[in-house]
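Here's the structure, in structure tokens; my notes come after.
Given below as structure tokens:
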């Protein structure tokens, strides 16, 4: 099929590239000329494992192109995907201005029947708003092209997005038109050869499914973090508790890892948006409000452990931080717990020596040249002269470091383990003071 994907962020770029990989002709549109130039030169502006090679291959083979010309893209395509951002407003609600601007642009350039697909994460009812916006523009143009609006939410994990798209758990298609739903099934059929993973539902239900899925996963994270807190107070070990509850098939082990809170572009934004959607309908979503509150408090836990150990005045003290991105295998710093942790330590007078395998450049933008924060190209270099190590993001290379080398480089052998990567007993035997989340202090 001939497809257009408007927006070349995580969702749009992965979507367009993976469709091209399966033989479709895909035009990716973005209004950022610099980004389009980068992509046309084979440079991928985001870090996503496996994406670079796929973009280059499909561009070279002529199935994938990048442009700022939405007119040409819409004219040449049957299916137009909207994959732009929906950032949170001041009240937490999703900002739909970019989505509606794209809908308006599609309508301005439509030359025949089109299928307009909402790939962005949007509140319930957005499909109707897109439909209304398109029809308004067509009426102004005094043309009567038919069109359909489909909800096709993404379920991509940053750091594993390509694999998630190529081997989906499910494909949600929200459409009130049976023929359009069947056409969308054909589009996704190459990703669906062994099992039928396509689920067809109404547009409204598809929009809610995306929010509900992210809200449920965020709930599991906040739940285990709150249980971790009471484990610390009572002397229980969250690792043992996690094993005990995760062995129940109704619960499972996924998303019940205690840590320093969730971040990224999805969970925080979507939980806030769903809470706000409830408020707008006079329905307080009390569980989700608690999920949000617990997560915000959890981001302070590791820094609070540092302050409890060293006191409130950290002047003259330097701390090494391993891991800055909100999760491994991405350079995404949006809502990253590292931001809260580092800023809190700096507020108390500390200096920071930070390392991340891929997120350093994004982190520099976030911290805006703060003199108290230095960035290093090697994780061990970041340890030199530091009072302690804070493990914030669980990159694979941090799982089995050289602990003897760590002891030599730190002023004192102290580790604040924000992801429970290290065994407390082994840390004690190795001579470390080891703080973790929800486990007895050694």
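Numbering (my numbering), first residue to last: 327 to 768. The beta carbon of each residue, even a glycine, is placed where N, CA and C say it ideally should be. In this text, all values refer to a predicted model and were calculated from it rather than measured experimentally.
- Residue pairing of residue 354 in beta bridges, as defined by DSSP: 331, 392.
- The C-beta of residue 738 has fewer than 16 other C-beta atoms within 10 Å across all chains shown, which makes the residue exposed.
- Closest option to residue 603, judged by alpha-carbon separation, among 541, 652, 561: 541.
- Beta-bridge partners assigned by DSSP to residue 759: 740.
- Residue pairing of residue 679 in beta bridges, as defined by DSSP: 646, 700.
- Distance from residue 746 to residue 765 at the Cβ level is roughly 7 Å; contact confirmed, criterion being Cβ atoms closer than 8 Å.
- Distances from the alpha-carbon of residue 428 to those of 678, 694, 330, 495 put 330 closest.
- Annotation for residue 415: no beta strand (DSSP E) segment contains it, and DSSP assigns it neither H nor E.
- By DSSP's assignment, residue 440 forms a beta bridge with 473.
- If you look at residue 512, you'll find it isn't in any beta strand (DSSP E); it sits in the alpha helix (DSSP H) that goes 504-514.
- By the Cβ criterion, the segment 546-566 is not in contact with the segment 708-715, since fewer than three pairs of Cβ atoms, one from each stretch, lie closer than 8 Å.
- Around the C-beta of residue 569, fewer than 16 other C-beta atoms lie within 10 Å, and the residue is accordingly described as exposed.
- The beta carbon of residue 471 lies closer than 8 Å to those of 436, 437, 438, 439, 440, 464 in the same chain, with the five residues before and after it left out.
- Out of 377, 445, 357, 411, the CA that lies nearest to the CA of residue 431 is found in 357.
- Residue 410 sits in coil when the DSSP states are folded into three classes, being neither helix nor strand.
- Under DSSP, residue 716 takes part in a beta bridge, and its partners are 647, 742.
- Linking residue 727 to residue 692 through their CA atoms gives a straight-line distance of about 27 Å.
- Taking C-beta atoms under 8 Å as the contact rule, residue 741 and residue 758 qualify, at a distance of about 5 Å.
- In the structure shown, residue 448 falls within a coil segment according to DSSP collapsed to helix, strand and coil.
- Put simply, the segment 692-704 does not touch the segment 620-629. Fewer than three CB pairs are less than 8 Å apart.
- Excluding residues up to 5 positions away in sequence, 654 lie with their Cβ nearer than 8 Å to the Cβ of residue 722 in the same chain.
- Residue 732 and residue 753 have their C-alpha atoms roughly 12 Å apart.
- For residue 527, the uninterrupted beta strand (DSSP E) run begins and ends at 524-527, by DSSP.
- With respect to residue 537, residue 490 sits apart: the two C-beta atoms are not nearer than 7 Å.
- Apart from the 5 residues on each side of it in sequence, residue 354 sits with its Cβ closer than 6 Å to the Cβ of 331, 334, 342, 392 in its chain, given in chain order.
- Under DSSP, residue 405 shares a beta bridge with 329, 441.
- Contact between the segment 555-575 and the segment 608-615 is absent, with fewer than three C-beta pairs closer than 8 Å.
- The DSSP-derived three-state label of residue 463 is helix.
- In the DSSP assignment, residue 498 falls within the beta strand (DSSP E) that extends over 497-500.
- By the 16-neighbour rule on beta-carbons within 10 angstroms, residue 477 is buried.
- Residue 420 is bridged by DSSP to 414.
- If you draw a straight line from the Cα of residue 648 to the Cα of residue 682, it is about 6 Å long.
- The C-beta separation of residue 364 from residue 371 comes to about 5 Å, placing the pair in contact by the 8 Å criterion.
- Contact holds between the segment 670-686 and the segment 634-646, because three or more Cβ pairs, one in each stretch, are under 8 Å apart.
- Taken through DSSP and simplified to helix, strand or coil, residue 594 comes out as helix.
- Nearest to residue 337 by alpha-carbon distance, out of 424, 447, 359, is 447.
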